[in-house]
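The next block holds one structure in the form of structure tokens; read it before the comments.
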Amino acid sequence: MDTVKLLAPIVLALPFLMFFVLGLLGNKMKPNVAGILGTCGLSIVAIVSYFIAISYFWGFGRVGEEYSQEILFNLDWLKMSETLPGLTIKIGFLLDPISAMMLVVISTVSLMVHIYSMGYMHGEEGFQRYYAVLSLFTFAMMGLVIATNIFQMYIFWELVGVSSFLLISFYFIKPSAVAAAKKAFIVTRFADMFFLIGILILSYYTETFQFLDLTAVSGDHATLVHDRMCGEEFFGFLPAISTAMFLIFLGGAGKSAMFPFHIWLPDAMEGPTPASALIHAATMVVAGVFLVARMFPVYFFEAADVLTLIGYIGAFTSLFAAVIACVQTDIKRVLAFSTISQIAYMFVALGVSGYTSEHEACLGYTSSMWHLFTHAMFKACLFMGAGCIIHAVHSNEMSAMGNLAKKHMTITHITFLVSCLAIAGIPPFSGFFSKDEILVAAANKDTVLYVCQAFVAGLTAFYMFRLYFRIFWWNENESYKHHAPHEAPKNMTVPLIVLSIFTCFMWIEKFFPFFPDKITADRKTLDLEFDSVIAGASVLVALVGIGLAYWLYKEKNDKPDAIASKVKCLYISASHRFYIDEIYLFVTRNIIFGGICKAIAWFDRHVIDGFMDMLGWTARESASGIRDVQSGNLQKYALGYILGVIIIAFFVFCSL
Amino acid sequence: MSNLLFLSLFVAVPLVMMVILFLLPSDNKKAIRYTMAGGAAVILALAGYLTVDFLGEYNPENPDQFLFTDSAEWYSGALNIHYSVGVDGVSVAMILLSAIVVITGVFASWSIEEKTKEYFLWFLMLSIGVFGFFISIDLFTMFLFYEVALIPMYLLIGLWGSGNKEYAAMKLTLMLMGGSAFLMLGIFGIYHYSAPQGQDLTFNIIEIAKNHSMDIEEQRLFFPLTFVGFGVLGAMFPFHTWSPDGHASAPTAVSMLHAGVLMKLGGYGCFRVAMTLMPDACKEQAWIFIVLTGISVVYGAFSACVQNDLKYINAYSSVSHCGLVLFALLMMNQEAMTGAVLQMLSHGLMTALFFALIGMIYGQTHTRDIRELGGLMQVMPYLCVCYVIAGLASLGLPGLSGFVAEMKIFVGSFKHADTFHRFFVIAGCTSIVITAVYILRVVGKILFGPLYKVDKIQDTYFYVSEHNGEVHHNKLRDAVWFEKVATIGLIVSIAAIGLCPGWISNMIAGSLKFVNELFK
């Protein structure tokens, strides 16, 4: 415990230091030196994170029946109120099962991405800048998950947002990358505004930012929130708790790309592929799930209506994104939509979850976190595999690929296949277990959600294997004659292997002992039971999806086009992402920009400023009218003088 | 050293510099510049010393909010005008801000070749006015320094400006002088009721506040006059239109000083004179000004989204940010007002940085139209990275100063639970999104993206423009040393406040403890 306390600050301090060193001095270093420096720094962070997680789960964390919540350090940063000590923003480290798990996820994926990027980004201009921003991102993400108070989370929430912006716009000469970065930042910022308002409402009533106070539970209430906010109304008619919690969820929905804020994530693929793997697949985009999990007691006890809504929003998003993923042709976009769909699964799981670990009531919570972990590993692996493929064929488009299995890309091929099997939910790969638990949880709570999610599981298997067959089977591409694809260098393949080892063996408890039974909403351990009926059903659905993909895409044929032309309407609207982007574009460009902003600017120049100019004009004109009086003409003055005397004399006489 | 002398140094040093500058030959530009840099460094050192000294002397239990007070009689007898000085946490913060902006402003004006001596003379006069305003606690002296600070603007814009400079200079001066007219009425009103009947009238702020002898009827008349008078300088809607034109035409360092410091005079005056001396009317009429400043916040931000001139964008952004300052002051509690002062600091620093950078870019490309620029990150990476940092500070990124100020404002403002306040606070929150829109619009257009109208000839970049049928090639370069000094100074200050805001926030909050009592 003491050692952990001593080491804990490293998790934040070292990436921050790396960011400064690489950011300020990076240009003076050789690219390789910068890369190795960043990777070494991150290795230390990873070792410390593993050490903290392991000693927490097997050591001091366990107190009696449950896991404790430890605050390793908590420094005052800014007092928000002089009288209420709870309203102080602190920078601290809250260690509990979910933050310990997130430490492992972030440090693992981040380290793999650091290593992988040494190969992938080799020779790119701005290599040092890339590593500096990666360090900034790791710093921000770590700070987000270990936050002891909601404002600390918000601070790091914004910082991950900006590092995401900087990584998406890494190729800043490309207009599409710049547009994507802007879009990502503004959409998430829009959602963050709701998050901020939610925090303001919550802290106004509870007078604290601290998670330990906010999520304290006794009996069946989140005590503090219940006492302070129950029956309160916001704006006179909105129930305060539900409003605040819903707004906070909207913040999470923005970062996690839930409908209708999902539009930024597919475009974010303009960034370098390893950055997409880290930020837009494994870590940052699950921040919303983490946020809901962190505030889970409040959602469950005090805002159950919002929690149910979260489940339905998740279900809709997962279906919506999965349908779009089936028709995309850019392999990174397929993966992006798949990410949206899988994160939505996690929200569904939270939405159907209970609180206590008795009788598996909190299975949804556990499976959500478990899926977060497994998804981070296999999706990062898929993205990095996609990166190897893109390097080999110099294109993101499926049409430039095909039959790559025979082109000596063995490692990429096998790891990609393993990850595809995992995401499709085929045992014994990790995704099967986590997804199966989600389906069990959904089936226990809500049949509609179960059916929807089971169907999405089939779709997932279909589009992932469509991707797989299309890349690795299909027929040989013409362009290979000019440029034969080859396997990536070792520093790119080793991360793939490491991540697929996670994917293959995460289910063996001896090998990977802290999951998933130790992560529960009430922090007690859970006895997981295997539901063979639902497991069998979901494997069957997955196999149908894979079979369909095999039938359509195992070799070059006309069947896909024929089917597409039969459901032309659906196909076209799905490939245009159901025109959501166009709607957004219309609203922002035509209504807000063209309507409101232009009108205000016109009003300002012509009405407000026009009025000021008119004042000036009036003064000048009346002055030039009067100035003739002062003509210097003696006769005129004499006339004026005499007239004045007469008038005064007249009044004087009248008054006598 | 007596307090009077110590605080007067802030006025005396620029005055001595003016004398030295006056004696130097006008063609010895190097000497002029180094004198300026040296003097500005002395002022910065003084401001640093003052801050440390203040923090050391300051005791949270101390009921007197002002420290280092002292007074010298100026006009004796009936008028009772004094040269009284004194500082509290708020004015110390403002003095520190002014000192930083002045020294960076000197470096940003390093390349002025035309009438260098005269330029710096007026520049110094402006700083005398600013420092004098912040150290005075006598209304008459304050007003005097206020006018001293405003008048050089006319000449600085009219002579060294660009574009439609005569119009802009005239407009700015007239509008601000119009504000001063209101202000003078307000100040005389305050003076007239400054003491209970039978006692000597006074201009001293501390005494007026202590006497509190103005009736609510009189306050109702003089509060709006004073608040609007200062509000004009604080760019309050609808009296803000001098700001875009004035900034657009002003030379770089003048824009920096004007947006960075001079506009703070408005907010500071609203707080120090209008609100604390007439609290009863303030409570009564606050809603009117909350509506106006609330409009400023959103309106300025929306207007900034469609401007094409970089300086117009930042001028409207200043309308929005300064609107937030006044808005927060009107929330009348310690937290929001602390946020307001922090916002003044933060806005001062980042707007100074913005205008400095715009000046540096404009100096090379001779255009500020964002439609005419693109891809500058490849040409001048140093300046562009600074611009991105300024932008991030402006949109409230944690770790930079804007975030601290905005969050304090929002949390403080949220203490008012009625629908009226809630509505305007939430409307104010939307500005964080709109700000992001116009900042990223500029960053995406002029810094990122492909090169536009830029030619690369043998490793040197040229900006190609066409004027009257002639094609001009302007050489482009990255920052030179004095530009680096100016930008680094500002960025370090922004980051220092953003990373460890505790000390400065506590210093300001300590001096604002009395407001909770005052506006109860």
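Those protein sequences? They're chains P and S, same order as listed.
Terminal number for the first sequence in this note's numbering: 820, no gaps in between.
Terminal number for the second sequence in this note's numbering: 521, no gaps in between.
All C-beta atoms in this analysis are idealised placements derived from N, C-alpha and C, irrespective of residue type, glycine included.
Do you know how far the Cα of residue j is from the Cα of residue i?
| i | j | result |
| --- | --- | --- |
| residue 179 of chain P | residue 301 of chain P | 8 angstroms |
| residue 514 of chain S | residue 335 of chain S | 6 angstroms |
| residue 12 of chain S | residue 224 of chain S | 29 angstroms |
| residue 299 of chain S | residue 395 of chain S | 15 angstroms |
| residue 254 of chain S | residue 75 of chain S | 34 angstroms |
| residue 454 of chain P | residue 409 of chain S | 26 angstroms |
| residue 539 of chain P | residue 640 of chain P | 31 angstroms |
| residue 461 of chain S | residue 209 of chain P | 43 angstroms |
| residue 80 of chain S | residue 187 of chain S | 16 angstroms |
| residue 448 of chain P | residue 488 of chain P | 22 angstroms |
| residue 137 of chain S | residue 92 of chain S | 9 angstroms |
| residue 502 of chain P | residue 709 of chain P | 15 angstroms |
| residue 22 of chain S | residue 362 of chain P | 56 angstroms |
| residue 296 of chain S | residue 332 of chain S | 15 angstroms |
Mind checking which residues open and close the alpha helix (DSSP H) that includes residue i?
| i | result |
| --- | --- |
| residue 387 of chain P | 387-393 |
| residue 196 of chain P | 195-219 |
| residue 30 of chain S | 30-58 |
| residue 346 of chain P | 339-370 |
| residue 419 of chain P | 404-419 |
Take the Cβ of residue i as the centre, count every other Cβ of all protein chains shown within 10 Å, and call the residue buried at 16 or more, exposed below.
| i | result |
| --- | --- |
| residue 630 of chain P | buried |
| residue 478 of chain S | exposed |
| residue 139 of chain S | buried |
| residue 289 of chain S | exposed |
| residue 770 of chain P | exposed |
| residue 469 of chain S | exposed |
| residue 778 of chain P | exposed |
| residue 404 of chain S | buried |
| residue 205 of chain S | buried |
| residue 592 of chain P | exposed |
| residue 533 of chain S | For residue 533 of chain S there is no data in the structure shown, the boundaries of chain S being 2 and 521. |
| residue 434 of chain P | buried |
| residue 1 of chain S | For chain S, the structure presents residues 2 to 521; residue 1 of chain S sits outside this window and is missing. |
| residue 421 of chain S | exposed |
| residue 792 of chain P | exposed |
| residue 519 of chain P | buried |
What are the start and end residues of the beta strand (DSSP E) that includes residue i?
| i | result |
| --- | --- |
| residue 148 of chain S | Segment 140-161 is the alpha helix (DSSP H) holding residue 148 of chain S; no beta strand (DSSP E) there. |
| residue 475 of chain S | 471-477 |
| residue 484 of chain S | Element bounds for residue 484 of chain S: not the beta strand (DSSP E) but the alpha helix (DSSP H), 482-500. |
| residue 72 of chain S | 68-76 |
| residue 463 of chain S | 461-468 |
| residue 257 of chain P | 252-259 |
| residue 85 of chain S | 82-88 |
| residue 310 of chain S | Note, residue 310 of chain S: premise wrong, no beta strand (DSSP E); not H, not E. |
Original post:
Mind pulling the alpha helix (DSSP H) runs of 4 or more residues that sit fully within the stretch 398-432 of chain S?
Top reply: 402-414
Original post:
Enumerated in chain order, which unbroken segments of the alpha helix (DSSP H) with a length of 4 residues or greater are wholly contained in the stretch 573-619 of chain P?
Top reply: 574-588 and 594-609
Subject >> Segments assigned alpha helix (DSSP H), at least 4 residues, entirely inside the stretch 196-272 of chain S >> reply: 206-212, 217-234, 243-250, 253-258 and 264-270
Original post:
Is the stretch 305-315 of chain P touching the stretch 467-483 of chain P in the sense that three or more CB pairs, one from each, lie closer than 8 angstroms?
Top reply: no
Original post:
Taking one C-beta from the stretch 273-292 of chain P and one from the stretch 649-665 of chain P each time, how about it: are there three or more such pairs within less than 8 angstroms?
Top reply: yes
Original post:
Okay, do the stretch 289-303 of chain P and the stretch 199-206 of chain P touch, 3+ Cβ pairs below 8 angstroms being the bar?
Top reply: yes
Original post:
Is the stretch 161-170 of chain S in contact with the stretch 191-203 of chain S, if contact means three or more CB pairs nearer than 8 angstroms?
Top reply: no
Subject >> the stretch 276-290 of chain S touching the stretch 739-754 of chain P, judged by at least three CB pairs closer than 8 angstroms >> reply: no
Original post:
Would you say the stretch 354-368 of chain S touches the stretch 315-324 of chain P, given that touching needs at least three Cβ pairs under 8 angstroms?
Top reply: no
Original post:
Three or more C-beta pairs closer than 8 angstroms, one from the stretch 508-517 of chain P and one from the stretch 540-558 of chain P: is that the case here?
Top reply: no
Original post:
Is the stretch 301-319 of chain S touching the stretch 422-440 of chain S, taking contact as three or more C-beta pairs under 8 angstroms?
Top reply: yes
Original post:
At what residue ranges does the stretch 481-530 of chain P contain a whole run of the alpha helix (DSSP H), taking only runs of 4 or more?
Top reply: 495-515
Subject >> Inter-stretch contact (C-beta, 8 angstroms, three-pair minimum) for the stretch 341-361 of chain S and the stretch 257-268 of chain S >> reply: yes
Original post:
Are the stretch 176-194 of chain S and the stretch 227-234 of chain S touching by the rule of at least three beta carbon pairs closer than 8 angstroms?
Top reply: yes
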